[in-house]
Amino acid sequence: MPYSALCLDLDDTLWPVAPAIVSAEKLTAAFLAREFPAVVPVGQVPAITIAEMRRWREQVAGLHAGRAYDLTWLRTEALRCQALAAGLGEAAATAMAAAAFEVFFAERHAVEPYAEVPAALERLATRFPLYVLSNGNADPARTSLGKHFRAAFSARGLGVAKPDPRAFQAVAESAGIPVGRWLYVGDDPHADVVGARSAGMATAWVHRHEKQWPAGLERADHEFADLGEMMDWLMAADELQRRSP
Ligand SMILES: [Mg+2]
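Heads up: the sequence shown runs through residues 13 to 257, numbered per my numbering.
Take a look at the structure:
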């Protein structure tokens, strides 16, 4: 067993992210319509719809490509710009964005882990220190899975996003475990597998729903259909090594 620690991606590796984001956007839009009716002029098409929120979110992300690692800032800024465009003053727009982001952020953590994930993490944590590195802004401590992790790192906190090798190297350095001793686990061929490999970590690609590997890209060191399959393999390999002289 060449691994001393595991580092895992969050979104679409431990839970499906789309349902949480859609639900968070709906609640945010409802909150804004209720608490900031000035942004939704009577008799007009509401300025705060999910489609409008997404349009602003994409526009702001396009204007600030250099802050792609900070999804919290991008979403708050999009809400602020949307409020300004709807006629709110600077202070009111900033207040609205902050309040709306809190609604979004709380619901963004109402994630439903994939069925096998809680038991797999519980078992893996008995043998490996588990860490998180995510480009998203979810904090695993705010989910039911937080207890399994030694520490969680985000692109926002590090100031650099996957696949940049510096993100992975920062995790290894912080944990005091050399990059060559890690297995990085994620669903994204580029951000997770190419990124972790370029940093010197071994890689595991979790390919749920029969996802296809991109043609022409060097494959991950390991491929698993889900975390249960990975856990079975890692624990068996570990056991084998312990028994061998
Ligand atoms: Mg992912």
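Every residue gets a Cβ at the ideal spot worked out from N, C-alpha and C, and that includes glycine.
Could you work out which residue in the options is closest to residue i when comparing CA atoms only?
i           : options               : result
residue 119 : 91, 157, 176 and 34   : 34
residue 163 : 172, 171 and 153      : 153
residue 211 : 205, 177, 96 and 244  : 177
residue 75  : 63, 93, 62 and 61     : 93
residue 156 : 26, 49, 15 and 61     : 26
residue 14  : 241, 115, 190 and 135 : 190
residue 241 : 82, 186 and 220       : 220
residue 88  : 121, 16 and 116       : 116
residue 29  : 247, 200 and 253      : 200
residue 47  : 84, 185, 95 and 80    : 95
residue 159 : 251, 134, 148 and 122 : 134
If you count every other CB in all the chains shown that lies within 10 Å of the CB of residue i, and 16 or more means buried, which is it?
i           : result
residue 166 : buried
residue 239 : buried
residue 127 : exposed
residue 207 : buried
residue 244 : exposed
residue 146 : buried
residue 55  : With a pLDDT of 48 at residue 55, under the threshold of 50, the modelled position of that residue is not reliable, and the figure given next carries that caveat. Classification of residue 55: exposed, given that the 10 Å Cβ count is below 16.
residue 192 : exposed
residue 228 : exposed
Should residue i be listed as close to ligand 2, given that the test is whether its C-beta is under 8 Å from any heavy atom?
i           : result
residue 109 : Here the bound small molecules are ligand 1; ligand 2 is not part of this structure.
Pop quiz: residue i and residue j are said to be a contact at Cβ under 8 Å. What is the actual Cβ separation, rounded to whole angstroms?
i           : j           : result
residue 19  : residue 217 : That pair is no contact at about 14 Å.
residue 214 : residue 22  : With 8 Å as the limit, residue 214 and residue 22 do not qualify as a contact, their Cβ atoms being about 19 Å apart.
residue 32  : residue 62  : Actually they do not touch by this definition, with Cβ atoms about 14 Å apart.
> If you pair each beta-carbon of the stretch 60-79 with each one of the stretch 134-143, do three or more pairs fall below 8 Å?
Replying inline: no
> ligand 1: which residues have Cβ under 6 Å from any of its heavy atoms, chain order?
Replying inline: 21, 23, 24, 25, 198, 199 and 200
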